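No gaps in the numbering here: position 51 of the sequence shown is 51 in the UniProt record's numbering, and each next residue is one more. The block underneath contains the structure these notes are about, expressed in structure tokens.
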Amino acid sequence: MFEDLSSKLEKAFQSLKGEAKISDVNIAETVREIRRALLDADVNYEVAKEFTNKVKDRAMGEDVLTAVNPGQQFTKIVYDEMVTIFGQEREDIEVAHTPPTVILIAGLQGSGKTTFSAKLAKYLKEENNRNPILAAADVYRPAAINQLKTLAESISTPVYSIEQKDAVRVAKEAVSMAKSLALDTVIIDTAGRMHVDEKMMNEVAEIKEAVQPNETLFVVDSMTGQDAVNTAKEFNERINYDGVVLTKLDGDTRGGAALSIKTVVEKPIKFVSTGEKLDALSPFYPDRMAQRILG
Ligand code: GDP
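Encoded structure:
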């Protein structure tokens, strides 16, 4: 995960650590290298600029130049700023005061929605002792419904689906079903398309209106870099979701989407997915992610 970015940042730090004396000149040079590393990693231009300006301002201040160990001090500043752009604190999902908690999953086709829906069900069962039901509201593709059913079976979780191609009805009836079976969580997997389009957005917006979810999560493939950020923006403008799920981090060597999304969209990353297997899901911790990138 993010190997390219990590190694480029490490190189940038090395040039600073090798200096006998740290000056504003070699700090400026290191900051330039960091900016280049971020842009190579496909980090949004404004985010990279703001990030490096903040690092530079703090480093040029008394923080680094008068520190006992300037190299370490500088790395700490980069770490702090990275935690800040990741959102500082872990943000959990909302839970309903009166069950069931309804979680709506949206995103483009292929982003990993169905896989994530099943992963989330497993996670909530195992970690939070919850009893979820999955709703197959991706009603246009029988393959998607079957995929959800197969995944659900492997984690002994019920799925609600109907023959009719009526996603709003599936979602509403799944919530009623949860109430009658005393299940405390409904996870609604919706239809995606290859690109953002009006029909898909209308449908997700209609489901959201109909079931008033406690949490709407936007799922996006982290490997698509700035496209992921642009899609995240479009979905947010339309459906105003609560959090982001970044998938396929296992194949992302650059990290551009991860580093840009919170600043550009102003919504927290809540989960990250790192593989096809159902246990490859973790809550997103800004500090752990920054640590991982900085080694
Ligand atoms: P959907 O169309 O949004 O429902 O996407 P799917 O859940 O069907 O996922 C699309 C493909 O991506 C499938 O082959 C999944 O196994 C795969 N996938 C999902 N999440 C991850 C992940 O975190 N890492 C990897 N490597 N593959 C993933």
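Idealized CB from N, CA, C, for every residue including glycine. Quick caveat: nothing in here was measured; it's all calculated off a predicted structure.
By the C-beta criterion, the stretch 125 to 137 is judged to be in contact with the stretch 150 to 165, since at least 3 inter-stretch pairs fall below 8 Å. In summary, Arg-32 is exposed, with fewer than 16 beta-carbon neighbours lying within 10 Å of its beta-carbon over all protein chains present.
With at least 16 other beta carbons inside 10 angstroms of its own, Gly-87 counts as buried. Contact between the stretch 271 to 284 and the stretch 232 to 239 is absent: fewer than three C-beta pairs spanning the two stretches fall below 8 Å. Applying a distance threshold of 7 Å between residue Cβ atoms and the heavy atoms of ligand 1 selects Gly-107, Leu-108, Gln-109, Gly-110, Ser-111, Gly-112, Lys-113, Thr-114, Thr-115, Phe-116, Asp-138, Ala-144, Gln-147, Asp-189, Gly-192, Val-219, Thr-247, Lys-248, Leu-249, Asp-250, Gly-251, Ser-273, Thr-274, Gly-275, Glu-276 and Ala-280, given in chain order.
Setting aside the 5 residues that flank it on each side, Val-196 is surrounded in the same chain by Leu-108, Thr-231, Glu-234 and Phe-235, each with a C-beta closer than 8 Å to its C-beta; the list follows chain order.
Under the three-state reduction of DSSP output, Ala-191 falls in the coil class, being neither helix nor strand. For the pair Ser-111 and Val-25, the Cα-to-Cα distance works out to about 44 Å. Straight-line measurement puts the Cα of Asp-4 at about 12 Å from the Cα of Arg-36. When the alpha-carbon of Thr-190 is set against those of Thr-114, Arg-130, Lys-172 and Val-229, the nearest one is in Thr-114. At a Cβ-Cβ threshold of 8 Å, Ile-103 and Phe-116 do not count as neighbours. Within the stretch 60 to 115, the runs of beta strand (DSSP E) at least 3 residues long that lie entirely inside it are, in chain order, 101 to 107. Between the stretch 129 to 137 and the stretch 168 to 175 there are three or more C-beta pairs closer than 8 Å, enough to call the two in contact.
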